[in-house]
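Enquirer: Could you have a look at this structure, given as structure tokens, before my questions?
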Amino acid sequence: MVKAHKNAFFRSAVITASALALISSAALPAGAQRSTKAAAPEPVYSKPGPYAVGVTTLSLPDRKIEVYYPAKTGSTKGKKRATYLQTDAIPADILAGLPAVPAGTDLSVTIPAYRNVPVAASKFPIVLFSHGAGGWRGVYGYPLSGLASWGFVVASVDFTEYGLLSQFLGTSGAADPNRRTKISATAVAALDLVVAENTAKGSRFKGHLLPGKVGAVGHSAGGGTMFSLLDNKRISSIVGWAAVGPQAPVTSRTPTMLITGAEDIAITPASAAASYAALNAPKRFVEIGKLGHNAFSDACLAIRSGTDLIGIAKGLGIGIPDRLLELGRNGCGVDSLGTKKGWQIIQQFTVAELRKDLGIN
Numbered sequence: 000m001v002k003a004h005k006n007a008f009f010r011s012a013v014i015t016a017s018a019l020a021l022i023s024s025a026a027l028p029a030g031a032q033r034s035t036k037a038a039a040p041e042p043v044y045s046k047p048g049p050y051a052v053g054v055t056t057l058s059l060p061d062r063k064i065e066v067y068y069p070a071k072t073g074s075t076k077g078k079k080r081a082t083y084l085q086t087d088a089i090p091a092d093i094l095a096g097l098p099a100v101p102a103g104t105d106l107s108v109t110i111p112a113y114r115n116v117p118v119a120a121s122k123f124p125i126v127l128f129s130h131g132a133g134g135w136r137g138v139y140g141y142p143l144s145g146l147a148s149w150g151f152v153v154a155s156v157d158f159t160e161y162g163l164l165s166q167f168l169g170t171s172g173a174a175d176p177n178r179r180t181k182i183s184a185t186a187v188a189a190l191d192l193v194v195a196e197n198t199a200k201g202s203r204f205k206g207h208l209l210p211g212k213v214g215a216v217g218h219s220a221g222g223g224t225m226f227s228l229l230d231n232k233r234i235s236s237i238v239g240w241a242a243v244g245p246q247a248p249v250t251s252r253t254p255t256m257l258i259t260g261a262e263d264i265a266i267t268p269a270s271a272a273a274s275y276a277a278l279n280a281p282k283r284f285v286e287i288g289k290l291g292h293n294a295f296s297d298a299c300l301a302i303r304s305g306t307d308l309i310g311i312a313k314g315l316g317i318g319i320p321d322r323l324l325e326l327g328r329n330g331c332g333v334d335s336l337g338t339k340k341g342w343q344i345i346q347q348f349t350v351a352e353l354r355k356d357l358g359i360n
């Protein structure tokens with residue numbers, strides 16, 4: 000079932016778990032309702048794109064950037080897919096002081112990408128990405144590989160200011176009045192680093208980037224980071240996944256899209272709607288039925304297999320507040336939308352928006 004809001008304010012697509020369809024974003028007269036009888040376009044971007052995906056790591060002086068990119072045809076043949084550990088964002092000295100996980104517990108996640116393979120023979124737009132609070136650069140391997148398969152070089156930055164370790168140690172610096180400015184500067188520095196790879200001697204990305212075509216995607220707190228770049232003329236598109244909205248008055252008309260989950264208890268649909276109201280046109284609002292906050296990352300894979308860190312910690316007798324447990328698993332329950340189905344819908348809208356805004360076909 001596909002519903003359309005009667006309120007012209009939304010100009011939105013509302014998607015239920017049983018449908019994968021697109022609705023035009025044109026405004027409706029007050030009180031009117033959009034017809035849903037016309038056949039929706041085939042959601043071609045919900046499937047893997049034409050490219051296999053490579054992944055590599057770049058470094059700034061104080062943090063790392065995971066880069067997902069279209070791989071050269073044939074370069075992945077016979078190679079194993081890349082993996083990461085859920086504990087990779089925790090320094091070894093801190094990890095050593097934590098209780099050992101139960102024997103036989105597999106904390107690895109295998110993603111649909113291949114490490115350090117050659118880049119495909121073309122030039123590609125850049126997408127800057129930020130994880131949410133308590134996340135880190137690697138925990139979006141599946142959805143970001145999906146974007147890269149459609150011809151984007153996706154740079155996932157470790158925002159240590161609000162990442163996994165900062166939440167663990169309580170060092171987020173939330174009281175710093177200059178925190179938002181510093182985080183925005185870090186995002187720009189990360190973009191500068193990636194763009195420099197286009198001309199750097201010996202870089203795998205040399206001659207493969209389109210520095211004039213840059214989009215930004217952010218999840219949760221990371222959405223707030225990307226919206227802080229609305230006035231940056233280098234950014235031509237911003238997509239927020241269950242995103243914290245703009246933290247300052249918006250004057251920019253950079254195209255935006257907000258994708259929210261109907262079951263999100265961290266960034267509720269009402270909160271997302273308020274963020275949408277703060278943005279200027281052109282803008283789109285997408286609500287996905289049965290989707291919760293963690294469905295935008297790889298987190299539900301581990302949660303649904305019983306190997307997530309929060310679940311393991313609780314099993315070891317470490318006190319986990321009920322609210323934190325609820326937030327940490329929101330969107331990954333038995334009644335929530337399936338993990339891969341959720342990614343497909345998110346990918347469909349994100350790729351379509353980025354391609355439109357960046358002038359790709």
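Heads up: the sequence shown runs through residues 0 to 360, numbered per numbering that gives the first Met the number 0. Idealized CB from N, CA, C, for every residue including glycine.
#1: The beta strand (DSSP E) with L308 in it runs from where to where?
#2: Rounded C-beta distance between V43 and Y67? I'm assuming under 8 Å.
#3: Alpha carbons only, please: which of H130, P245 and Q246 is nearest the one belonging to F158?
#4: Entirely within the segment 159 to 227 and at least 4 residues each: give me those alpha helix (DSSP H) ranges in chain order.
#5: Expressed to the nearest angstrom, what Euclidean distance is found between the alpha-carbon atoms of D92 and G145?
#6: Please list, in chain order, all residues of the same chain as P268 whose beta carbon is under 7 Å from its beta carbon, the five residues on each side excluded.
#7: Does T349 come out as helix, strand or coil in the three-state DSSP assignment?
#8: Of all the options S107, S74, L94 and D87, which has the alpha carbon lying nearest to the alpha carbon of I302?
#9: Between which two residues does the beta strand (DSSP E) holding P124 run?
#10: Going by DSSP in three states, L94 sits in which element: helix, strand or coil?
#11: Under the rule that 16 or more other beta-carbon atoms within 10 Å means buried, what is T253, buried or exposed?
#12: Can you list, in chain order, the residues of its chain with a C-beta nearer than 8 Å to that of Q246? Leave out the 5 residues immediately preceding and following it.
#13: Quick check: what's the CA-CA separation for I266 versus H292?
#14: Check whether the Cβ atoms of D105 and T306 sit closer than 8 Å, and answer yes or no.
#15: Rounded to whole angstroms, how far is the Cβ of G211 from the Cβ of V126, which I believe are closer than 8 Å?
#16: For D321 and A120, I'd like the C-alpha separation in whole angstroms.
#17: So, helix, strand or coil for Y83, using DSSP?
#18: Nearest to A132 by CA position, among P117, L163, L326 and L59, is which residue?
#19: Measuring straight from C-alpha to C-alpha, what distance separates N329 and G201?
#20: Measure the alpha-carbon distance for A88 versus W135 and round it to whole angstroms.
#21: Ignoring anything shorter than 3 residues, give me the beta strand (DSSP E) runs that lie fully in the segment 241 to 309, in order along the chain.
#22: In angstroms with no decimal places, state the Cα-to-Cα distance between R62 and Y161.
#23: Taking C-alpha atoms, which residue in A294, F348 and S148 lies nearest to V333?
#24: If I follow the unbroken alpha helix (DSSP H) through P142, where does it start and stop?
#25: Checking the sheet assignment: what are the DSSP bridge partners for I237?
#26: Can you tell me which of the three DSSP states E325 falls into?
#27: Which residues in the same chain have their Cβ closer than 6 Å to the Cβ of T198, if we skip the five residues on either side of it in sequence?
#28: Please state whether DSSP places V100 in a helix, a strand or coil.
#29: Could you give the distance in angstroms between the alpha-carbon of V238 and the alpha-carbon of S74?
#30: Which one of F151, G206, T349 and S155 has the shortest CA to CA distance from R283?
#31: Taking Cβ positions, are R203 and V100 nearer each other than 8 Å?
#32: Mind checking which residues open and close the beta strand (DSSP E) that includes G53?
#33: Quick one: using the 10 Å Cβ neighbour count with 16 as the cut-off for buried, is A242 buried or exposed?
#34: Where K78 and P49 are concerned, what is the direct C-alpha to C-alpha distance, given to the nearest angstrom?
#35: Are S270 and L257 touching if we call contact CB-CB under 8 Å?
#36: Measure from the alpha carbon of I110 to the alpha carbon of each residue in K181, L94 and V138, then state which is nearest.
Expert: Taking the coordinates as given:
#1: Counting along the chain, L308 falls outside any beta strand (DSSP E), though it belongs to the alpha helix (DSSP H) covering L308 to G314.
#2: Approximately 20 Å separates the beta-carbon atoms of V43 and Y67; this is outside 8 Å, ruling out the contact.
#3: The shortest Cα separation from F158 among H130, P245 and Q246 belongs to H130.
#4: Within the segment 159 to 227, the alpha helix (DSSP H) runs of at least 4 residues that lie entirely inside it are, in chain order, 163 to 168, 178 to 195 and 220 to 226.
#5: The alpha-carbon atoms of D92 and G145 are separated by roughly 34 Å.
#6: Cβ within range, chain order: T259, A261 and E286.
#7: In the displayed model, T349 falls within a helix according to three-state DSSP.
#8: That would be S107, whose Cα lies nearest to the Cα of I302.
#9: F123 to S129 is the extent of the beta strand (DSSP E) around P124.
#10: L94 sits in a helix when the DSSP states are folded into three classes.
#11: Under this definition T253 is a buried residue.
#12: Closer than 8 Å at the Cβ level, and outside the excluded window around Q246, lie R179, G223, F226 and S227.
#13: Approximately 7 Å between the Cα atoms of the pair.
#14: In this structure, T306 lies closer than 8 Å to D105 by Cβ.
#15: That pair is no contact at about 14 Å.
#16: Cα to Cα, D321 sits roughly 50 Å from A120.
#17: Three-state result, Y83: strand.
#18: Nearest of P117, L163, L326 and L59 to A132, Cα basis: L163.
#19: Going by the C-alpha atoms only, they are around 43 Å apart.
#20: Cα to Cα, A88 sits roughly 7 Å from W135.
#21: Listed in chain order, the complete beta strand (DSSP E) runs (minimum 3 residues) inside the segment 241 to 309 are 255 to 260 and 282 to 287.
#22: Each residue's alpha carbon lies about 13 Å from the other.
#23: Minimum Cα distance to V333 is reached at A294.
#24: For P142, the enclosing alpha helix (DSSP H) starts and ends at G140 to A147.
#25: In the DSSP assignment, I237 forms a beta bridge with A215 and T255.
#26: In the three-state scheme derived from DSSP, where H, G and I count as helix and E and B as strand, E325 is classed as helix.
#27: Within the same chain, no residue comes within 6 Å of T198 by CB-CB distance, once the 5 residues on both sides are set aside.
#28: DSSP, read as helix, strand or coil, puts V100 in coil.
#29: Rounded to the nearest whole angstrom, the C-alpha separation of V238 and S74 is 31 Å.
#30: Distances from the alpha-carbon of R283 to those of F151, G206, T349 and S155 put T349 closest.
#31: Taking the C-beta atoms as reference points, V100 is found no nearer than 8 Å to R203.
#32: Residues V52 to L59.
#33: It is buried - the Cβ of A242 has at least 16 other Cβ atoms within 10 Å.
#34: Using only the alpha carbons, I get a separation of about 18 Å.
#35: The Cβ-Cβ distance between S270 and L257 does not fall below 8 Å.
#36: The alpha carbon of I110 has as its nearest neighbour, out of K181, L94 and V138, the alpha carbon of V138.
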